[in-house]
Structure formats: structure tokens, C-alpha cells
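Numbering (UniProt numbering), first residue to last: 1 to 208.
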């Protein structure tokens, strides 16, 4: 199966005029999280991203998070919410949660096809799925994880893209230069988390 997935990754890279990432090992993780766990993390990412955009609403959003998902917040997230406002590091970090959220919505079969990571994700058409527009339970009911094969294939693709983006200087290819490294990184992180239930959100190894 790993050979077939890598072959499909190589084909996809070629279709996007990207080179193969030579000699990368295959990430064979199949400890997939549950639909509910990924759905909850999506809610958290949406809320924290919202705080980075609307800092004046932080207290209300924090109270909502603590009421519904306090135990699912990471250690870093709880620390970031402990004050009356986000520090600059947390504000930037949470603003990038849009990419992780985009990936999780794809994993949950809500986003049909992910855009290539040469630009940031557009979440506008999916915002109405979240509270206060919809209830938490109605969101959960929409969420169904994709197959293990689909998840592993997408992770392998982003693993390869991450390697390419880190080696852009020696590759000297316009298509590689066009990759948004931050987008690639955040999307890979989310995929790694989905396929390995043992990982902590704060401590995901993104070696290449």
C-alpha cells in the first residue's frame, strides 16, 4: 500500500510540475482519530482563529470554549487564553489555524477538494457551518472522516511538498518557489494529527 500511495503522490507532483522528493521514507500512521475528536478540534480552531480576527470578542469566545471544549484545548491554547488578550505570538499562531481548519474540514468530507498550497485557504463559504450560525450538534452530524487511504495519500503529498519547500534553494524551480511554506507546514501538521491519535497538538514532529 505504501508503494502505491507514493506512486500516486509522484504522479500528482508531476501533474503540478513539481519534482519528486527523492528517498523520503513513507509515514505509515494508521491510528486514526474519531470523527468526533476531529470535529471538536475543528470547532476549537475556528474559535481561536476568530479571536485572532476579533480580539474584542475574546472573552465571549473563551467562555464558549471553556463551556464546551475546555478539556480538548491544548496546553499552549489554555496558556494563551489565560490573560485578557492574546500576546503577539499567539495571535499570529492562531491566525494560521485557518490552514489547519481547512485541512480538518477536508478530512471530515466538508471541503470537497483542497486547493494547492501556493496561496492561503479561503474559508468564507464554510463559516456558516459553525456557531452561532449552526448548533454544535448539527455541525457534528455533517462530519464524516474520509477513508484511511485518502488521509494517508494526502499526508504523503504534503510530506513531500514540505520537503520540496525546505529544499527550494537547491532545486531552483519556479513551481517549488511558488509553494507557500507556511501553508504547507500548517496543513501537514493537521494531517499528521488526524492520522496519529497519540500525538499532542502542541508537539507534532514535522521532520523531513
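Beta carbons are placed, not taken as given, at the ideal position from N, Cα and C, and that holds for glycine.
- Taking a 10 Å sphere around the C-beta of residue 144, we find fewer than 16 other C-beta atoms and assign the residue as exposed.
- Taking 8 Å as the cut-off, the beta carbon of residue 165 is found closer than this to the beta carbon of residue 176.
- Inclusion of residue 52 and residue 91 in the CB contact set at 8 Å is warranted, their separation being smaller than that value.
- The closest CA to that of residue 101, considering only 50, 10, 64, 86, is found on 50.
- Note on geometry: alpha-carbon atoms of residue 31 and residue 41 lie some 17 Å from one another.
- The beta carbon of residue 153 sits closer than 8 Å to the beta carbons of 5, 8, 9 from its chain, once the five residues preceding and following it are set aside; these are given in chain order.
- From the listed residues 14, 19, 187, the smallest Cα separation to residue 172 is found for 19.
- Within the DSSP bridge table, the entry for residue 180 names no partner.
- For residue 86, the CB contacts under 8 Å within the same chain, skipping 5 residues up- and downstream, are 51, 52, 55, 58, 80, 94 in chain order.
- The beta-carbon separation of residue 187 and residue 103, rounded to 5 Å, stays under the 8 Å limit for a contact.
- A check of alpha carbon separations from residue 60 across 127, 190, 13, 132 identifies 132 as the nearest.
- Apart from the 5 residues on each side of it in sequence, residue 45 sits with its Cβ closer than 6 Å to the Cβ of 97, 100, 101 in its chain, given in chain order.
- Counting only residues of its own chain and dropping the five nearest sequence neighbours on each side, residue 117 has a CB closer than 7 Å to the CB of 161, 179, 180, 183, 184, 187.
- DSSP links residue 31 through a beta bridge to 196.
- If the five residues before and after residue 146 are omitted, its C-beta is found closer than 7 Å to the C-beta atoms of 107, 109, all from its own chain and listed in chain order.
- Secondary structure at residue 143: coil, using DSSP grouped into helix, strand and coil.
- If you look at residue 58, you'll find it in the alpha helix (DSSP H) that goes 58–69.
- By the 16-neighbour rule on beta-carbons within 10 angstroms, residue 62 is buried.
- As summarised for the stretch 61–137, the continuous alpha helix (DSSP H) elements at least 4 residues long and confined to that stretch are 75–80, 88–95, 97–107, given in chain order.
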